[in-house]
Structure formats: C-alpha cells, structure tokens
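The structure appears right after this line, and notes come after that.
Residue numbers (my numbering): 10 to 331.
Below, the structure is given as structure tokens:
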C-alpha cells in the first residue's frame with residue numbers, strides 16, 4: 010500500500026508541470042494569428058480583432074501575420090504544420106473547407122488537419138449585372154440567357170470561392186447554364202462587369218454593393234434566407250423563383266489539429282463575446298458582415314455541411330483541379 014501511494018504521488022508530481030503549463034496559456038510567448046490573405050480583407054480585419062481580444066482579455070502578446078499565396082494555401086498550410094499548443098491560430102474564410110477540392114496535389118486536408126475553433130461572421134452573396142443590359146430582374150436575366158446563352162457570361166473571382174459555388178448552384182436551379190470566366194480576385198472581375206466585358210457576378214455583398222449603390226452595376230438579388238437588413242431592397246433568390254437558394258461566404262478561426270480543448274474553448278468564448286457586443290455588431294454591419302456567435306461544435310457541423318455541398322456541386326459540373 011505504501012509503494013502504491015508513493016507511485017501515485019510521484020506520477021501526480023510529474024504531471025503537475027504539464028497541467029500548470031496548459032493552464033498558464035498564454036504565457037511567455039506571442040500568439041500568432043495567421044491570415045492567408047492580404048491586409049484589409051474581411052478575414053484580416055477579423056483576425057486583427059481576435060489578436061486585440063487576446064491582448065485585452067488575456068494579457069497576451071498577439072501578432073497578425075499575413076501569409077499570402079495560392080488562394081489561401083500558403084497560410085493555411087503553415088498553420089497545419091504548426092505545433093498544436095495554442096500559439097498559432099488561423100483566421101480565414103469559406104475557401105478553407107474547399108481547398109482540398111480545388112487545389113491539385115494539396116499536401117494536407119484542412120477538414121482533417123485543422124481543428125475548428127469558431128465561426129465569426131457571415132457575408133451574404135449578391136448577384137450583380139453589367140449596367141448596359143436592359144434586364145432588371147433575375148427572372149429577366151434567366152429568360153434572356155436561356156434564349157441566347159452565348160451572349161452571357163458569369164465572372165468568377167477565384168476558383169473555389171463562395172461565389173463560384175453559388176454560380177454553379179444558380180445555373181443548376183435556373184437551367185440557364187451560363188458560361189463562367191475565372192478571374193484572379195474580385196476587383197478585376199468587377200471591373201470587367203462594369204465595362205460590360207462579362208455580364209454577371211455573384212460575390213459577397215461588401216464587395217459588390219458599393220458599386221451597385223454608385224450605379225456602376227445593377228444589383229439583382231441576394232442569396233440569403235430572407236431579405237437582409239444589410240440590403241433590404243434586394244429580393245432573395247427564393248423571391249426570384251430559384252427556391253431554397255441560400256449561399257453565404259463566412260469567416261472562422263481554426264487551430265492545428267490536436268490543440269487542447271481548453272485553449273480552443275477560451276478562444277471561442279472570446280470571439281463569441283465580441284460578436285454579441287453592440288459595438289462589434291455595428292462595426293461588422295457597417296462592413297456588410299453579419300456577426301456569428303456559436304460553439305465550436307456548431308461551427309464544425311456547419312463547415313462539414315458546407316464542404317459536402319461544395320463537393321456535390323463541383324462533382325455536378327465534373328470539376329477537376331488544374
């Protein structure tokens with residue numbers, strides 16, 4: 010009995026430093042928030058919000074690193090390869106859950122190699138049209154595109170973007186089968202829509218509504234479940250006759266696989282608290298983003314469903330990464 014007591018006491022003593030180390034997070038090291046896109050993007054702004062919360066609420070040193078390249082592959086891959094100790098986090102967006110579906114020879118699977126920490130915001134997608142066409146509604150566009158499909162083209166801001174997947178869904182539901190032209194980013198795609206070189210574009214509201222409000226493009230509809238307070242004058246896709254067509258871009262926080270649950274829970278709680286604050290909600294709403302506060306389990310379930318839908322949509326058009 011004496012020997013068993015000594016062994017138990019010794020094991021507890023050995024475990025104590027590890028327990029204290031985990032409980033002490035964050036301590037003595039900066040927390041890096043990796044953003045795989047350039048400064049100024051919405052996920053960059055949300056990443057900086059996370060870094061500020063870590064500093065203000067936990068007394069941590071937190072820095073944002075923009076590791077740009079490969080449509081998010083470079084930054085995401087860096088986080089996948091980082092130690093799961095709570096000192097590296099990823100602030101990214103929808104495309105994280107489809108990288109492995111649209112990137113040839115990707116050396117990691119974001120669904121398997123990252124832990125979901127939180128979902129932070131939703132950006133509803135809107136559909137806009139070049140201003141030099143007479144159509145003013147989605148129904149009129151669908152009719153015109155069916156009558157003369159060669160006279161219509163959708164711009165795609167990037168392969169695997171929420172807008173790309175939503176365009177596939179639009180073609181499927183409308184039966185218009187409009188051709189898609191890929192671009193490298195929203196700005197060149199929008200520029201060509203404004204100029205009339207391509208006619209249609211689906212992308213987040215924050216990227217397109219300023220141009221619509223300035224009269225440079227026509228806003229036709231929004232892919233949300235109901236009219237959004239961000240753009241109450243825009244009809245939903247359901248109102249346009251396309252059924253249960255709901256498509257958003259969204260933003261989240263991830264950590265390397267195996268990051269302690271306690272750490273992920275604290276980060277989730279910090280962001281959920283922020284998303285409930287009136288100041289944060291107003292700040293995001295001004296940027297045409299709807300804040301989200303939910304558990305990590307809810308966020309992961311949502312992301313799994315998004316990956317499944319993306320996989321099915323890409324398969325429906327026989328998409329092959331290239």
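C-beta atoms are modelled at their ideal positions from N, C-alpha and C, and glycine is treated no differently.
Close beta carbons around residue i, own chain, < 8 angstroms, minus the five adjacent residues each side
i           : result
residue 194 : 166 and 167
residue 221 : 135, 137, 227 and 228
residue 251 : 147, 179, 182 and 183
residue 172 : 134, 165, 166, 210, 211, 212, 213 and 258
Cβ shell of residue i (< 7 angstroms), same chain only, five flanking positions each side left out
i          : result
residue 66 : 279
residue 81 : 45, 46, 101, 104, 105 and 108
residue 57 : 73
Which listed residue (the options) has its alpha carbon closest to that of residue i
i           : options               : result
residue 201 : 282, 288 and 138      : 138
residue 60  : 50, 53 and 72         : 72
residue 51  : 119, 296, 142 and 187 : 296
residue 155 : 179, 185 and 39       : 185
residue 328 : 76, 163, 169 and 103  : 169
residue 232 : 322, 260, 140 and 175 : 175
residue 114 : 134, 146, 93 and 79   : 79
residue 95  : 319, 317 and 265      : 265
residue 42  : 288, 223, 33 and 263  : 263
residue 103 : 306, 257 and 307      : 257
residue 44  : 70, 34 and 88         : 88
residue 188 : 177, 109 and 49       : 177
residue 206 : 238, 218, 171 and 142 : 142
residue 246 : 122, 133 and 118      : 133
residue 224 : 203, 112 and 281      : 203
residue 277 : 213, 197, 77 and 62   : 62
6 angstroms CB neighbourhood of residue i in its chain, flanking five on each side removed
i           : result
residue 315 : 106
residue 300 : 130, 284, 290 and 293
residue 209 : 138 and 163
Residue interval of the beta strand (DSSP E) (run including residue i)
i           : result
residue 75  : 71-75
residue 97  : 97-102
residue 41  : 40-44
residue 263 : 257-265
residue 115 : Note, residue 115: premise wrong, no beta strand (DSSP E); not H, not E.
Unbroken alpha helix (DSSP H) run spanning residue i, endpoints
i           : result
residue 56  : 51-67
residue 279 : 270-285
residue 229 : Looking at the DSSP string, residue 229 is not in any alpha helix (DSSP H); the run it does join, the beta strand (DSSP E), is 227-231.
residue 319 : 305-325
residue 87  : 82-89
Distance cut-off 7 angstroms: residue i Cβ against heavy atoms of the ligand GTP
i          : result
residue 51 : The ligand GTP is not part of the structure shown, which contains no ligands of any sort.
Q | Complete beta strand (DSSP E) runs within the region 123-166 (minimum length 3 residues, chain order) | A | 123-138 and 162-165
**Q.** Runs of alpha helix (DSSP H) lying entirely within the region 180-224, each at least 4 residues, in chain order
**A.** 195-204 and 214-222
Q) Given 8 angstroms as the limit, is there contact between the region 259-273 and the region 124-135, that is, 3 or more CB pairs closer than that? A) yes
**Q.** Contact between the region 37-55 and the region 237-249 (3+ Cβ pairs under 8 angstroms)
**A.** no
(Q) Measuring CB atoms only, is the region 156-165 touching the region 302-316, in the sense that at least three cross pairs come out at less than 8 angstroms? (A) no
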